[in-house]
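Here the structure is laid out as structure tokens; the discussion comes afterwards.
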Amino acid sequence: MIARLYPLLLRAYGPQGWWPLASMAGHRGFDSRGYHPGSFSFPRTPAQRFEIAVGAVLTQNTSWGNVEKALAALASAGVRTPADLLGCTGERLAGLVRSSGYHNQKARTLRVLSVFFQAPASLRAASPPARDELLSLRGIGEETADSILLYAFGRPVFIVDAYTRRLLQRIGVIGGRESCREIQALFSDALPRAHELFNEYHALIVAHAKARCRARPVCEGCPVPRCCARRLPRHPPRHPPRSRT
DNA sequence: CGCCAGGTGGGAT
DNA sequence: ATCCCACATGGC
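The numbers in the numbering used here rise by one with no breaks, and the one at position 207 of the first sequence is 202.
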């Protein structure tokens, strides 16, 4: 199922291209928001790796639109490098990323991340950190660590996020109790371990989750065969609108 | 107004 | 090991 799903989604939504790099918006191969559909081999400079990691923290349980505002605030304040971030007071940093939500927590996590990316600088720039190393950082959990490994360092680890769980549960591949590592094993066992594939596949899952497989699903015209239809409640619960007098 | 968004850490069980 | 909850803003 996991192997069959990918071409289905690719045909339905087309190449996505991740991670968006706002700093590359408009450059050759990148669109106006920094996506680079169909290509995963662009050069990742140390600055780009760091930008990806910052975005991965800011998007924790947060829509990308809110993250873009925070990234724009950082950029227009001239705060880009780990040293720049560490030069801010926690309060100022929290203010800059306020739009991404949880800004106090995230400001602290960004400082921890900056220390990590700063030293030892030359090593950190090019060689992938160990997963456990990232997980030891306060504020970096499994999804954020794996996002950094995949999108910043090109490691073939599959991202397991809320969208992935929701989709797999609806099509009956998982029950819902499985750990992140168990779900990753499903992908790793079913697919060639190529970071380009893992990248695009996860991007497609996000596209599908946003377009159709939402919390309140839009099943009409869904590109995924009806195997999940009988698992969905006919009318997902919703409160009737209340008058606002 | 209520729901949702590319989670995480810490405390209780 | 697992469950539960606080953490926060913005879009629709």
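Even glycine gets a Cβ: it sits at the ideal position worked out from N, Cα and C. Since we're looking at a predicted model, the values are computed, not measured.
My assumption, with CB atoms under 8 angstroms, is that Ala70 sits in contact with Leu88. Please give the rounded CB distance. So it is not a contact: roughly 14 angstroms between Cβ atoms.
First through last residue of the alpha helix (DSSP H) which encompasses Gln164: 157 to 165
Per DSSP, what kind of secondary structure is Cys223 in: helix, strand or coil? helix
Quick one: using the 10 Å Cβ neighbour count with 16 as the cut-off for buried, is Arg44 buried or exposed? buried
Proximity below 8 angstroms, CB of Phe148 to CB of Pro123: yes
Within 10 Å of its beta-carbon, does Arg39 have 16 or more other beta-carbons around it, so buried, or fewer, so exposed? buried
Assuming His31 and Gly12 are in contact, meaning their beta carbons sit under 8 angstroms apart, how far apart are those beta carbons, in whole angstroms? 4 angstroms
Which term fits Asn194, buried or exposed, when burial requires 16 or more other beta carbons within 10 angstroms of its beta carbon? buried
Is Leu162 closer than 8 angstroms to Ile143 when the C-beta atoms are compared? no
Below 8 angstroms, how does it come out for the region 77 to 92 and the region 170 to 188: are there three or more Cβ pairs, yes or no? no
Collapsed DSSP secondary structure at Glu241 in the structure displayed: The chain is shown from -4 up to 240; residue 241 falls before or after that span and cannot be answered.
On the criterion of 16 or more Cβ atoms from any shown chain inside 10 Å, does Glu241 qualify as buried, or is it exposed? This structure does not reach residue 241, given that the chain is present from -4 up to 240, and the question cannot be answered.
Would you mind sorting Pro15 into buried or exposed? The rule is 16 or more other CB atoms within 10 Å of its CB. By the neighbour-count rule (16 or more Cβ atoms within 10 Å), Pro15 is buried.
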